[in-house]
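See structure below.
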Amino acid sequence: MTKPLEGIKIIDFTHVQAGPACTQLLAWFGADVIKVERPGSGDVTRNQLRDIPDADALYFTMLNSNKKSLTLDTKKPEGKEVLERLIRESDVLVENFGPGALDRMGFSWERLNELNPKMIVASVKGFSDGHHYDDLKVYENVAQCAGGAASTTGFWDGPPTISAAALGDSNTGMHLAIGILTALLGRDKTGKGQKVAVSMQDSVLNLCRVKLRDQQRLERVGYLEEYPQYPHGEFSDVVPRGGNAGGGGQPGWVLKCKGWETDPNAYIYFTIQGHAWEPICKALGKPEWIDDAAYKTAEARQPHIFEIFGTIEAWLADKTKFEAVDILRKFDIPCAPVLTMKELANDPSLRASGTIVEVPHKKRGSYLTVGSPIKFSDMKPEVTASPLLGEHTEEVLASLGYSRQDIFNLREIKAV
Ligand code: CAO
22 MTKPLEGIKI
32 IDFTHVQAGP
42 ACTQLLAWFG
52 ADVIKVERPG
62 SGDVTRNQLR
72 DIPDADALYF
82 TMLNSNKKSL
92 TLDTKKPEGK
102 EVLERLIRES
112 DVLVENFGPG
122 ALDRMGFSWE
132 RLNELNPKMI
142 VASVKGFSDG
152 HHYDDLKVYE
162 NVAQCAGGAA
172 STTGFWDGPP
182 TISAAALGDS
192 NTGMHLAIGI
202 LTALLGRDKT
212 GKGQKVAVSM
222 QDSVLNLCRV
232 KLRDQQRLER
242 VGYLEEYPQY
252 PHGEFSDVVP
262 RGGNAGGGGQ
272 PGWVLKCKGW
282 ETDPNAYIYF
292 TIQGHAWEPI
302 CKALGKPEWI
312 DDAAYKTAEA
322 RQPHIFEIFG
332 TIEAWLADKT
342 KFEAVDILRK
352 FDIPCAPVLT
362 MKELANDPSL
372 RASGTIVEVP
382 HKKRGSYLTV
392 GSPIKFSDMK
402 PEVTASPLLG
412 EHTEEVLASL
422 GYSRQDIFNL
432 REIKAV
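Per the numbering used here, numbering through the sequence shown is continuous, rising by one, with the last residue being 437.
Rendered as structure tokens:
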């Protein structure tokens, strides 16, 4: 099956998570992704949190599938020469080094554009160019704090909280992938490459836009009616942390199910969607609430929403999270069990859809990873193993026109 990005050559000068998540996505869709790594060590995640001695860590394998690995010391003249050849025939270069690292290496945007005016140069940085923090190095949790996620996540009586979801890293990588694809389409029209830059702060903020909505509402009216602080608590002049409240117009909460005393994940998320009030009352065996003025509208319910959640929890007390959802789904109530990683890893639906895949690996045996969350009618992205360090060095050098003797002579820069 021909994949849409076949024929697109990408220099993957990325490391850790934000950049690799972007290039992995493009590799799944057919791009020829060549990961350029420092000889001897490679991407730092190869060694981070190893679970098998001498085998690449899952942190690396789960973010670098479907790629080739070329080891090259790009600070040495011979390495730069190889990289220049690669640049001349590539469509995209993706990087997420610390601020200024690529310039210091001698590959500024101007130089790259001179070497290959058709190439797209895509970068992830912690903050956007010109920002007063644009010299900072940034990791996931730093970005969550800088982008507004931390100040608005957690409970009102606790500290700012980091989400387990990679809002700073993989999310930024997904934004960058959209930017690259857009620039590729633009190049079809203009014949020119361009620079595509995404900051982690901006990408987090983009996902927190409803909180910026709330800041403006708060400034106008002084309260936020869907937050647990309303109507009994107090609001300051900044958006508070709302615990597990729903972020839209639908109140919801994480509710205890049978077994919560011993199982920390025996919970469901329950949403009281306005038009589902009648079915909810029927499901709970509370038909008298349907027309009761104290319950009938969302506005009437809000002052005693936790009493309503308490009633729902009493109803849930003899039902597992799965039994509860099986009942509630018949009433068209938006809800889900709180699923653990173990449950997700073994979920037959996720295996069948290719969202969780098992990938054979030369050194590890096999590992589980998350496959493409994007599904296509004409293509099923196949996930192949991440490369060993330098696995494709000779192949890539040969494809660049280096002879066997040249490749032998270059062993210094590709030594693994
Ligand atoms: N050959 C020779 N040198 C190489 C090389 C190669 N193949 N690949 C990388 N290097 C060098 C770079 O030139 C740079 O050297 P200098 O600092 O001397 O110029 C160095 O290795 C990499 O520097 P770095 O700043 O990128 O690495 P770090 O470990 O100090 O910082 C990180 C890591 C992630 C904080 C930083 O890269 C960063 O802020 N990136 C941008 C934001 C980002 O993507 N963060 C998400 C990371 S995922 O949580």
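Yeah, the Cβ is synthetic: ideal placement off N, Cα and C, and Gly gets one too.
Note that the coordinates shown come from a computational prediction; the quantities given were computed from them, not determined experimentally.
- Cβ contact annotation for N162 (same chain, cutoff 6 angstroms, sequence separation greater than five): I183, in chain order.
- Under the three-state reduction of DSSP output, A167 falls in the helix class.
- Comparing alpha carbon positions, the residue from V217, P138 and P98 closest to E110 is P138.
- Of all alpha-carbon atoms in P355, V65, E309 and L157, the one lying nearest the alpha-carbon of Y290 is that of P355.
- Remark: C-beta atoms of G194 and G40 approach each other more closely than 8 angstroms.
- Taking D53 as the centre and dropping the five residues before and after it, the same chain places the C-beta of K30 closer than 6 angstroms to its C-beta, in chain order.
- Taking non-hydrogen atoms of the ligand CAO into account, the C-beta of R125 is found less than 7 angstroms away from one of them.
- Bridge pairing for H382: G386 [DSSP].
- In the three-state reduction of the DSSP assignment, T193 falls in the helix class.
- The Cβ-Cβ distance between L47 and L70 does not fall below 8 angstroms.
- Take the alpha-carbon of V380 and the one of N85: they are about 12 angstroms apart.
- Distances between the C-beta of N117 and the heavy atoms of the ligand CAO include at least one below 7 angstroms.
- Distance from V225 to I201 at the Cβ level is roughly 19 angstroms; contact not present, criterion being Cβ atoms closer than 8 angstroms.
- The Cβ neighbour count for F81, taken over all protein chains shown within 10 Å, is at least 16; the residue is labelled buried.
- Burial is judged here by how many other beta carbons sit within 10 angstroms of a residue's own beta carbon; R234 has fewer than 16 and is exposed.
- Here the alpha carbons of N227 and V159 stand approximately 17 angstroms from one another.
- One Cα belongs to G331, the other to K384, and the distance between them is close to 51 angstroms.
- For W274, the enclosing beta strand (DSSP E) stretches over residues G273 to K277.
- DSSP places P98 inside the alpha helix (DSSP H), whose first and last residues are P98 to R109.
- When beta bridges are read from the DSSP output, I141 appears opposite V113.
- Under the three-state reduction of DSSP, S90 is assigned to strand.
- Within the DSSP secondary-structure output, D53 pairs in a beta bridge with K30.
- G263 is classed as buried because its beta carbon has at least 16 other beta carbons within 10 Å across all chains shown.
- In this structure L410 is in contact with G63, their Cβ atoms being roughly 4 angstroms apart against a cut-off of 8 angstroms.
- One alpha carbon belongs to D258, the other to A164, and they sit about 23 angstroms apart.
- C-alpha of K24 to C-alpha of K210: approximately 21 angstroms in a straight line.
- Take the alpha-carbon of A406 and the one of L79: they are about 11 angstroms apart.
- Counting along the chain, the unbroken beta strand (DSSP E) around I289 starts and ends at Y288 to T292.
- Per DSSP, the continuous alpha helix (DSSP H) segment holding V231 begins and ends at R230 to V242.
- Positions of the alpha helix (DSSP H) runs, each at least 4 residues long and wholly inside the region 308-332, are given as 319-322 in order along the chain.
- Between the region 279-290 and the region 334-354, the count of Cβ pairs shorter than 8 angstroms is three or higher; the stretches touch.
- Annotated three-state conformation of I201 is helix, per DSSP.
- Straight-line spacing of the CA atoms in R106 and F176 works out to 53 angstroms.
- Looking at G392, T414, S144 and H153, the one whose alpha-carbon comes closest to that of A198 is S144.
- Per DSSP, S220 lies in no alpha helix (DSSP H); the unbroken beta strand (DSSP E) holding it starts and ends at K216 to S220.
- Measuring C-alpha to C-alpha distances from Q271 to each of Q323, T44, E255 and L371 identifies Q323 as the nearest.
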